[in-house]
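First the structure, in the form of structure tokens, and then the observations on it.
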Amino acid sequence: MKICYLILTILFSTFGTLEAVTNSSQEEITDYYWREYTGFIPSDAIIAGTDKSGKPIYIGQGFFKNIGLLPATIYKGSKSVSVTAIGKTHTADKNVKVNSRSSIDPNLPLNGSGCICNPS
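In structure tokens form, the structure reads like this:
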């Protein structure tokens, strides 16, 4: 399985907006932000890949009481996110955000299918 450098970069930058990220092909990607997630996938959400059944998954983050802000996977149709931290599974349906983009990059899927990966 290919590891997506861009996805890992986004997962670990959980605060604010990504101003610019450079991938291995040296293309600049800009205008990413965290949008409030209310149980519906917005049209500008970034697809991180697919689950075992081929459905798209999205990059998210959630704020968990007594833990803080953590990266999370958002599944289409799910109203909440779950993460494992400190030896327990935690679920949140409030204070959840989905990573989105405010400008269209023709090299990345726009709420369609596929993975945001560097070509190999």
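Going left to right, the sequence shown walks through residues 254 to 373 as our numbering numbers them.
Here a beta-carbon is modelled for each residue, glycine too, at the ideal position from N, C-alpha and C.
In this text, all values refer to a predicted model and were calculated from it rather than measured experimentally.
- V349 and G321 do not touch by the CB rule: their CB atoms are close to 14 Å apart, not below 8 Å.
- Going by C-alpha positions, F316 is about 10 Å away from T344.
- Just measuring C-alpha positions, the residue of S355, D284, G307 and A301 sitting nearest P324 is A301.
- In the structure shown, Y290 falls within a coil segment according to DSSP collapsed to helix, strand and coil.
- The alpha-carbon separation between S333 and P295 amounts to approximately 15 Å.
- Note on geometry: alpha-carbon atoms of S335 and T303 lie some 17 Å from one another.
- At the C-beta level, S355 and D284 come within 7 Å of one another.
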